[in-house]
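Novice: Quick one: the structure is below, and I'll ask about it shortly.
Here's what the structure looks like:
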């Protein structure tokens, strides 16, 4: 794939590709048929007595419920303690539609999905704009509100008398046999599985993962964090409601107590346990844990009543020792082996010293058009920016101008406010006063993901990558702003979305090849050395070709020889890639070597600024910051 | 009106105790303890066993409940929280969900699913105010909550150990450097949270009537709303917030007493939480930067 091709899409497979669509639909139907065949073949035989089919179908329903919470908890890292209420909402919605309005089963499920999504939206907007455990607080209150009020409101739900949910029918055929209904829920399981797979294979799942790891990293790559958290909750709420409805039609009767906290089982908490033990974010682990849970009482009768106690102890133990769950422990063992192999292939002598070339990629299409600026024209103009933290002025009336095509250094002692100024420019803190104009657009007041789209890329002192994702996945995540297909197309992985994803993979591969990191493609970033992580981070920032790069101490933790090489790479970013850099750096020789212009910051104030030669000659700057090394 | 206010204040006092327990642990170990209420329910079952089944005096049963719940808190801190020192707080919060479920399951296994009634500490109709009776338990709840709140404030501000608790909640490493054993402080806050939870359970069970497994988790939601209203990190805020939730609930219940819609109070609690999150997520007493 040539560089020009990588510059943008559409280049292939964009729009509706009937051939691809047909193939995918056929594959899905074949999978569903295969899943539903065994219960239909063995129905009524001694191999599948009705009560066993009922147990398995119950397990599959719990698996559907757990998969719905897994999207929220396992992928996006947000806790819901009220999923039981969503199950109830779905079951009642479907029950009312099928009983009172004589709607067919699938309309009941659609209604359940809609109502679940609406409840999730109403709860999610206030709770998820904020960081922290607010969703857990809101959802547990929601669960109690539903069980103490709405579910007991007799005109609507029948209260404790409840509703009798009918089994679905097609013409004269009623899914009355448990084996037949089991076949139906297995088809639904296939649907959930494919849908879930689409999430993890597109920008949606990557955004969720990045949010779980560190919301700032996600924002830095241009992910609108609050919207994606709400999306995760709405999807989860809708899928939970459908799962609850499916379960309701299976057991045939629900009332105000079916999904309550004091019910047995308490679904809200049971699902958290199943996910934690099956492995946060592990599709297969969660499904297996759910089905095993449902079948335990059949095969291990002595466990009667103890399974919750055992489950609770296991949950605490898993959290304390292997937060990844059983699936996580297995995966960890696998990657450790792979990692040892990868390490042993690395040239041990100067792997870190001579930095590889950085990826050189054009700006992807689909991003906002940018005015062409001449070299030397002001790209970023910061004026009068002040940031206060509890009475301390971290940045005080700072003014910085970054001209296009330059490397501008920002130096000063620890605590001078350099990173805070970076955060004000990239949107992670809101200044009390001042303005920051980037190519004529005012930045202050815009969220970090908008600034990323405008063309500002940044690195972090602590490495701004999702460290439990692989190198390739990080390169894909870094292209979030360029993945401009609508979320709905991603959820159904339309050929259009797939085409965009393919181009992104091409860019990721090109970037990884440029770094010479092919052997680390599938290695989780946390298993790389610090210097290697730094390079991946730089590569990730460059992969969408931002106009301005904010680099926060790139030399930190690098070997001395590597720092020299870093200087060359920075010049390359300026001269060959034609980018502009604002650089925070403690390594003064590097700053004097590469920077065109330097700002000196102390106690939040700009102490001095000038060309590198001017700054290097100022005695007070030399005395205060450069020390003996330069003098 | 007067009766609604007093019963609101009495229930609010109990919610305030739960909110204070929640904030103590949150400040002490940055963990939101979802088992805060259920530690008290377990204690309540112990009290029931001692008082009703063994025929011991109420006060002995109450002490048994408080000691049991404190030990649960202490053990969880020693065995689990301490060993998760550097783990993400999300993981520790999920572990407290495990504790919630464990207590829930143990209550069902040991004491069974049938609801119980705990006799009130003081018999009698209580005080007559404006034609209504306010039960002795409600008066006791109100006085205990106020007394305990003041005692806790004095303890935290006036004693060396109390100051250590406050210091550790602000900066654990600096506190450790000046020679305070932060581990001991953390264990203390968990034990205290357990004891406070049992006290809250003992004071509200006679007012509500019956209790069963999971009893306190519904009330914990009220305590959490109170803590949130107060700003999650402020002890006076948690106290005021808890009382406010009780009073709001009482007046809403009173206003809609004729309504056929059940559980309108829990709808009010939900609305309080959503409004706080929308308007003032750092609470009435919290600082904006904390949110």
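Chains as they are written, first to last, in this note's numbering: chain A, 1 to 631; chain B, 1 to 291. Yeah, the Cβ is synthetic: ideal placement off N, Cα and C, and Gly gets one too.
By a C-beta neighbour count over all protein chains shown, 10 Å radius and 16 as the cutoff for buried, is residue 133 of chain B buried or exposed?
Specialist: Reading the second chain from its first residue, position 133 is the one you call residue 133 of chain B. By the 10 Å Cβ count, residue 133 of chain B comes out exposed.
Novice: With a threshold of 8 Å, are at least 3 pairs of Cβ atoms found where one atom belongs to the stretch 222-241 of chain B and the other to the stretch 18-26 of chain B?
Specialist: A contact exists between the stretch 222-241 of chain B and the stretch 18-26 of chain B.
Novice: List, in order along the chain, the chain A residues whose C-beta lies closer than 9 Å to that of residue 186 of chain B?
Specialist: Residue numbering aside, residue 186 of chain B sits at position 186 when the second chain is read from its first letter. What residue 186 of chain B touches in chain A: nothing, since even the nearest Cβ is about 16 Å away.
Novice: Report all residues from its chain with a CB closer than 8 Å to the CB of residue 31 of chain A; omit the five preceding and five following residues, and keep chain order.
Specialist: Position 31 of the first chain, counted from the first residue, corresponds to residue 31 of chain A. Closer than 8 Å at Cβ, skipping near neighbours: 190 and 194.
Novice: Three-state secondary structure (DSSP) at residue 126 of chain A?
Specialist: Residue numbering aside, residue 126 of chain A sits at position 126 when the first chain is read from its first letter. Helix, per DSSP.
Novice: Would you please verify whether the beta carbon of residue 347 of chain A is less than 9 Å from any beta carbon of chain B?
Specialist: Residue numbering aside, residue 347 of chain A sits at position 347 when the first chain is read from its first letter. For residue 347 of chain A, the predicted model reports a pLDDT of 43, less than 50, meaning its position is unreliable; a value from the coordinates is still stated below. Not one chain B Cβ lies under 9 Å of residue 347 of chain A.
Novice: Taking only the alpha-carbon atoms, compute the straight-line gap between residue 470 of chain A and residue 295 of chain A and give it to the nearest angstrom.
Specialist: For the purposes of this step, residue 470 of chain A is taken as residue 470 along the first chain, with counting starting at 1. For the purposes of this step, residue 295 of chain A is taken as residue 295 along the first chain, with counting starting at 1. Approximately 35 Å between the Cα atoms of the pair.
Novice: Can you tell me which residues form a DSSP beta bridge with residue 602 of chain A?
Specialist: Here residue 602 of chain A refers to the residue found at position 602 when the first chain is read from its first residue. In the DSSP output, where bridge partners are listed per residue, residue 602 of chain A has A/605.
Novice: Expressed to the nearest angstrom, what Euclidean distance is found between the alpha-carbon atoms of residue 108 of chain B and residue 280 of chain B?
Specialist: Counting from one through the second chain, the residue named residue 108 of chain B turns up at place 108. Counting from one through the second chain, the residue named residue 280 of chain B turns up at place 280. Whole-angstrom Cα-Cα distance: 39 Å.
Novice: Along the chain, which unbroken stretches of the beta strand (DSSP E) at least 3 residues long are found entirely within the stretch 118-166 of chain B?
Specialist: Taking only runs of at least 3 residues, the beta strand (DSSP E) segments lying wholly in the stretch 118-166 of chain B are 127-129 and 132-134.
Novice: If you draw a straight line from the alpha carbon of residue 54 of chain B to that of residue 10 of chain B, how long is it in whole angstroms?
Specialist: Counted from its first residue, the second chain places residue 54 of chain B at position 54. Counted from its first residue, the second chain places residue 10 of chain B at position 10. Using only the alpha carbons, I get a separation of about 29 Å.
Novice: For residue 144 of chain A and residue 266 of chain B, which I take to be in contact (beta-carbon distance under 8 Å), what is that distance rounded to the nearest angstrom?
Specialist: Translated into positions along the first chain, residue 144 of chain A becomes position 144. Translated into positions along the second chain, residue 266 of chain B becomes position 266. Contact flag correct, Cβ pair sits at about 5 Å.
Novice: Specify, as a first and last residue, the run of the alpha helix (DSSP H) that residue 596 of chain A falls within.
Specialist: As a first step, residue 596 of chain A must be located in the first chain, where it is residue number 596. Looking at the DSSP string, residue 596 of chain A is not in any alpha helix (DSSP H), and its letter there is neither H nor E.
Novice: Under 9 Å, do residue 195 of chain B and residue 70 of chain B count as touching if we go by C-beta distance?
Specialist: Walking along the second chain from the start, residue 195 of chain B turns up at place 195. Walking along the second chain from the start, residue 70 of chain B turns up at place 70. Closer than 9 Å, so yes.
Novice: Using only the alpha-carbon positions, how far apart do residue 499 of chain A and residue 218 of chain A sit?
Specialist: Position 499 of the first chain, counted from the first residue, corresponds to residue 499 of chain A. Position 218 of the first chain, counted from the first residue, corresponds to residue 218 of chain A. Distance between the alpha carbons of residue 499 of chain A and residue 218 of chain A is about 23 Å.
Novice: For residue 128 of chain B, count neighbouring C-beta atoms within 10 Å of its own C-beta (all shown protein chains included) and say buried if the count is 16 or more, exposed if not.
Specialist: The count along the second chain starts at 1 and reaches residue 128 of chain B at position 128. Result: exposed.
Novice: Residue 270 of chain B touches chain A at which residues, Cβ-Cβ below 7 Å?
Specialist: For this step, residue 270 of chain B is matched to residue 270 along the second chain. Correct list: 141, 142 and 145.
Novice: Count the CB pairs spanning the stretch 42-53 of chain A and the stretch 230-245 of chain A that are closer than 8 Å, and state whether there are at least three.
Specialist: No: fewer than three Cβ pairs fall under 8 Å.
Novice: How is residue 395 of chain A classed by DSSP in three states: helix, strand or coil?
Specialist: Here the question's residue 395 of chain A lines up with position 395 in the first chain. Correct three-state label for residue 395 of chain A: strand.
Novice: Could you compute how far the alpha carbon of residue 381 of chain A sits from the alpha carbon of residue 459 of chain A?
Specialist: By one-based count along the first chain, residue 381 of chain A stands at place 381. By one-based count along the first chain, residue 459 of chain A stands at place 459. Answer to the nearest angstrom: the Cα atoms are 20 Å apart.
Novice: Establish whether the CB of residue 273 of chain B and some CB of chain A are separated by less than 9 Å.
Specialist: To locate residue 273 of chain B, count along the second chain from 1; it is residue 273. Yes, because at least one Cβ of chain A sits closer than 9 Å to the Cβ of residue 273 of chain B.
Novice: List the residues of chain A whose Cβ lies closer than 7 Å to the Cβ of residue 228 of chain B, in chain order.
Specialist: Residue mapping note: residue 228 of chain B aligns to position 228 of the second chain, counting from 1. By Cβ distance, chain A contributes 137.
Novice: Work out the CA separation of residue 43 of chain B and residue 120 of chain B for me, nearest whole Å.
Specialist: Residue numbering aside, residue 120 of chain B sits at position 120 when the second chain is read from its first letter. Residue numbering aside, residue 43 of chain B sits at position 43 when the second chain is read from its first letter. In a straight line, the C-alpha of residue 120 of chain B is about 15 Å away from that of residue 43 of chain B.
Novice: In angstroms with no decimal places, state the Cα-to-Cα distance between residue 427 of chain A and residue 12 of chain B.
Specialist: Start at 1 with the first residue of the first chain, and residue 427 of chain A comes out as number 427. Start at 1 with the first residue of the second chain, and residue 12 of chain B comes out as number 12. So the two alpha carbons sit approximately 41 Å from each other.
Novice: Hey, could you find the ends of the alpha helix (DSSP H) residue 96 of chain B is sitting in?
Specialist: In the second chain, counting from the first residue as 1, residue 96 of chain B sits at position 96. First-last of the alpha helix (DSSP H) with residue 96 of chain B: 89-111.
Novice: Counting C-beta neighbours from all protein chains within 10 Å, is the total for residue 284 of chain A 16 or more, i.e. buried, or is it exposed?
Specialist: Translated into positions along the first chain, residue 284 of chain A becomes position 284. Exposed, because fewer than 16 other Cβ atoms sit within 10 Å of the Cβ of residue 284 of chain A.
Novice: For chain B, is any of its Cβ atoms less than 9 Å away from the one on residue 264 of chain A?
Specialist: Here residue 264 of chain A refers to the residue found at position 264 when the first chain is read from its first residue. Taking Cβ atoms only, chain B reaches closer than 9 Å to residue 264 of chain A, which makes this a yes.
Novice: Taking DSSP's pairing of strands, which residues face residue 403 of chain A in a bridge?
Specialist: Translated into positions along the first chain, residue 403 of chain A becomes position 403. Partner(s): A/378.
Novice: Please compile the residues from chain B whose C-beta is within a distance smaller than 7 Å of the C-beta of residue 126 of chain A.
Specialist: Taking the first chain and counting its residues from 1, one reaches residue 126 of chain A at position 126. Near residue 126 of chain A (Cβ distances below 7 Å), the residues of chain B are 274, 277 and 278.
Novice: Can you find a CB in chain B that lies within less than 9 Å of the CB of residue 79 of chain A?
Specialist: The residue given as residue 79 of chain A occupies position 79 in the first chain. Closer than 9 Å: yes.
Novice: For residue 597 of chain A and chain E, any beta-carbon pair shorter than 9 Å?
Specialist: Here chain E cannot be found, since the structure's protein chains are A and B.
Novice: What are the uninterrupted segments assigned as alpha helix (DSSP H) that are 4 or more residues long and contained completely in the stretch 216-276 of chain A, given in chain order?
Specialist: Runs of the alpha helix (DSSP H) inside the stretch 216-276 of chain A: 225-251.
Novice: By Cβ distance below 7 Å, which residues in the same chain neighbour residue 355 of chain A in space, the five residues on each side in sequence not counted?
Specialist: The sequence position of residue 355 of chain A within the first chain is 355, counting from 1. Hits under 7 Å: 535, 562, 565, 566 and 569.
Novice: Which of the three DSSP states, helix, strand or coil, is assigned to residue 644 of chain A?
Specialist: The requested residue 644 of chain A does not occur in the structure, where chain A is confined to residues 1 to 631.
Novice: Taking the beta strand (DSSP E) that residue 94 of chain A belongs to, which residues open and close that run?
Specialist: Here residue 94 of chain A is taken as the residue at index 94 of the first chain, counted from 1. Residue 94 of chain A -> not in any beta strand (DSSP E); alpha helix (DSSP H) instead, spanning 83-100.
Novice: Have a look at the DSSP bridge pairing and note the partners of residue 386 of chain A.
Specialist: Position 386 of the first chain, counting from 1, holds the residue named residue 386 of chain A. Bridge partners of residue 386 of chain A: A/433.
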